[in-house]
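K.L.:
Let me begin by handing over the structure; questions about it come next.
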Ligand SMILES: Cc1cc2nc3c(=O)[nH]c(=O)nc-3n(C[C@H](O)[C@H](O)[C@H](O)COP(=O)(O)OP(=O)(O)OC[C@H]3O[C@@H](n4cnc5c(N)ncnc54)[C@H](O)[C@@H]3O)c2cc1C
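Residue numbers (the working numbering): 22 to 408.
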């Protein structure tokens, strides 16, 4: 079949790579003049790396493989530990922290020559034709057997399918960056997650001496519209009194007046939307953030995008244009069941944890419970791990 994919983020590239490997002729239309390689590192859970492996991407040397996740309160009391390395060895596929640009390059390398078209903005899709039609901003149009909207959280393709489905802000904001830092955390293999009434702090190695750092603030505190310099000062003020290693990290990444000018913290307002059972219409479907927007609190956005790509490629293996609509609705229903719980949890986790901390009712969790909860979330939201 001829497949047009709108958007060349992780979801679009992975979907195109999977469908090309399944024998279909793919073309990816990306609005930007090249791949959007900015941003720091993302955590790929065992579900995400299983999906990548199924798509033919080698993960053995991908990013920094992680051995554990440690969660502590802002005054340094342990809350939970998850042995990510043990879990990865049990499932035969690791948890890894990888730069977004490395992931995009690996996926793009699996596309057939000429499949990626940049500077090509999709404006509108007509799903109810025998072959859906894609209209581009430059005035050109093309029909295909299948159209996949992989055009992110503000998806123009989704707008044509469900005009009212606009993601809502939760009020939380994440300020993040990825910096070369002389600190043991940057060269280690553990994620540190700290929580307190001021918000959340997430620190993880990204390989090559880089530290991916983020600070999340509750509703009203520090929206993404705050200028970077003012945000850097506010983050130092807000999180500077936290236990080790937060003050050292703040001094290293936001300590100098020109840190903010050099790129400084980037703010990201969290958005969420209910995950419906049907995402598309006719021969048009969605993958990634276009299908399910969730806050980054559980680090699941890219993982679920890769899971969609794997599941959609498997659903369309050997398919012909005649039976494609039913196959797409089957893919959507299966993935909706897997994504919905994790999207709900990501949308409410910060507010619940924050309330529990503010009321002093947060307690340390035994390691076996923490492992069970994490493993359950990863497994239940994964098409690739469940085969
Ligand atoms: C602070 C933070 C931390 C995060 N950490 C993690 C993490 O650790 N692990 C994880 O899994 N996820 C994480 N995420 C989430 C992750 O970044 C997104 O969920 C992910 O990028 C979604 O991939 P996507 O391909 O669906 O969308 P995008 O990455 O948004 O890609 C969409 C693409 O479509 C293109 N496009 C848009 N409109 C058009 C158009 N009209 N025509 C053509 N092309 C178009 C865009 O230019 C872009 O290239 C995090 C997010 C944040 C904010």
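Built from N, CA and C at the ideal position, the CB exists for glycine as well.
Fair warning: this is a prediction, and the values are worked out from it, not measured in the lab.
Using a threshold of 9 Å, state whether the C-beta atoms of residue 16 and residue 202 are closer than that.
P.N.:
Outside the displayed range of the chain (22 to 408) lies residue 16, so it cannot be described from this structure.
K.L.:
Taking DSSP as the reference, what is the three-state secondary structure of residue 201?
P.N.:
strand
K.L.:
Per DSSP, what are the beta-bridge partners of residue 46 in this structure?
P.N.:
23
K.L.:
Is residue 310 near ligand 1, with its Cβ less than 8 Å from a heavy atom?
P.N.:
yes
K.L.:
Just to confirm, does residue 218 get its C-beta within under 8 Å of one of the non-hydrogen atoms of ligand 1?
P.N.:
no
K.L.:
Between residue 34 and the rest of its own chain, which residues show a CB-CB distance below 6 Å, the 5 nearest in sequence each way excluded?
P.N.:
128 and 129
K.L.:
Flag residue 176 as yes when its Cβ comes closer than 8 Å to any non-hydrogen atom of ligand 1, and as no otherwise.
P.N.:
Distances taken from the Cβ of residue 176 to the heavy atoms of ligand 1 include one shorter than 8 Å.
K.L.:
Determine the closest residue to residue 336 out of 404, 232 and 374, with distance taken between C-alpha atoms.
P.N.:
404
K.L.:
Rounded to a whole number of angstroms, what is the C-alpha to C-alpha distance between residue 126 and residue 301?
P.N.:
28 Å
K.L.:
By the three-class DSSP mapping on this structure, what secondary structure does residue 350 have?
P.N.:
helix
K.L.:
Are there any heavy atoms of ligand 1 lying less than 8 Å away from the beta-carbon of residue 235, as far as the coordinates show?
P.N.:
yes
K.L.:
In three-state terms, what does DSSP make of residue 264?
P.N.:
coil
K.L.:
Name the residue from 256, 119, 394 and 105 whose alpha carbon lies nearest to the alpha carbon of residue 221.
P.N.:
256
K.L.:
Using 8 Å as the cut-off, classify the Cβ of residue 50 as near or not near the heavy atoms of ligand 1, replying yes or no.
P.N.:
At least one heavy atom of ligand 1 is nearer than 8 Å to the Cβ of residue 50, so yes.
K.L.:
Taking only three categories from DSSP, how would you classify residue 289?
P.N.:
strand
K.L.:
Three Cβ pairs or more, each shorter than 8 Å: is that satisfied between the region 238 to 253 and the region 200 to 217?
P.N.:
no
K.L.:
Indicate whether residue 24 and residue 137 have their beta-carbon atoms separated by less than 9 Å.
P.N.:
By the CB criterion at 9 Å, residue 24 and residue 137 fall outside the cutoff.
K.L.:
Thinking residue 124 and residue 31 are a contact (beta carbons under 8 Å), I'd like their distance in whole angstroms, please.
P.N.:
In this structure, residue 124 and residue 31 form a Cβ contact; the two beta carbons are roughly 6 Å apart against a cut-off of 8 Å.
K.L.:
At which residues does the alpha helix (DSSP H) containing residue 107 begin and terminate?
P.N.:
105 to 112
K.L.:
Under a three-way DSSP split, which group does residue 223 fall into?
P.N.:
Reduced to three states, the DSSP call for residue 223 is strand.
K.L.:
Going by DSSP, name the residue or residues bridged to residue 168.
P.N.:
25 and 305
K.L.:
Here's the rule: buried if 16 or more other CB atoms are within 10 angstroms of the residue's CB, otherwise exposed. What is residue 393?
P.N.:
exposed
K.L.:
Give me, in chain order, the residues of the same chain whose beta-carbon lies closer than 6 Å to that of residue 228; leave out the 5 immediate sequence neighbours on both sides.
P.N.:
84 and 85
K.L.:
Which value, in whole angstroms, describes the spacing of the CA atoms of residue 191 and residue 324?
P.N.:
21 Å
K.L.:
Can you list, in chain order, the residues of its chain with a C-beta nearer than 6 Å to that of residue 104? Leave out the 5 residues immediately preceding and following it.
P.N.:
89
K.L.:
Roughly how far, in whole angstroms, is the beta-carbon of residue 186 from the beta-carbon of residue 292, given that I think they are within contact range, below 8 Å?
P.N.:
In this structure residue 186 is not in contact with residue 292, their Cβ atoms being roughly 12 Å apart against a cut-off of 8 Å.
K.L.:
Start and end of the alpha helix (DSSP H) containing residue 332?
P.N.:
322 to 336
K.L.:
Can you grab the Cα-Cα spacing for the pair residue 282 / residue 121, in whole Å?
P.N.:
Confidence at residue 282 is low in this model, with a pLDDT of 46, below 50, so the placement of that residue should be treated as unreliable; the coordinate-derived value is given next. Between residue 282 and residue 121, the C-alpha separation is close to 22 Å.
K.L.:
From the DSSP output, in three-state form, read off residue 196 for me.
P.N.:
Of the three classes helix, strand and coil, the one that applies to residue 196 here is strand, per DSSP.
K.L.:
Per DSSP, what kind of secondary structure is residue 215 in: helix, strand or coil?
P.N.:
strand
K.L.:
Where does the unbroken alpha helix (DSSP H) through residue 123 begin, and where does it stop?
P.N.:
121 to 129
K.L.:
Using CA coordinates, which residue listed in 131, 143 and 314 is at the minimum distance from residue 51?
P.N.:
143
K.L.:
Less than 7 Å between C-beta atoms, sequence neighbours within five positions excluded: which residues of the same chain meet that for residue 179?
P.N.:
170, 186, 307 and 311
K.L.:
Hey, residue 131 and residue 264: beta-carbon distance below 9 Å or not?
P.N.:
no
K.L.:
Does the region 314 to 324 come close enough to the region 60 to 69 to have 3 or more Cβ pairs within less than 8 Å?
P.N.:
yes
K.L.:
Does the distance from the CB of residue 388 to the CB of residue 101 come in under 9 Å?
P.N.:
yes
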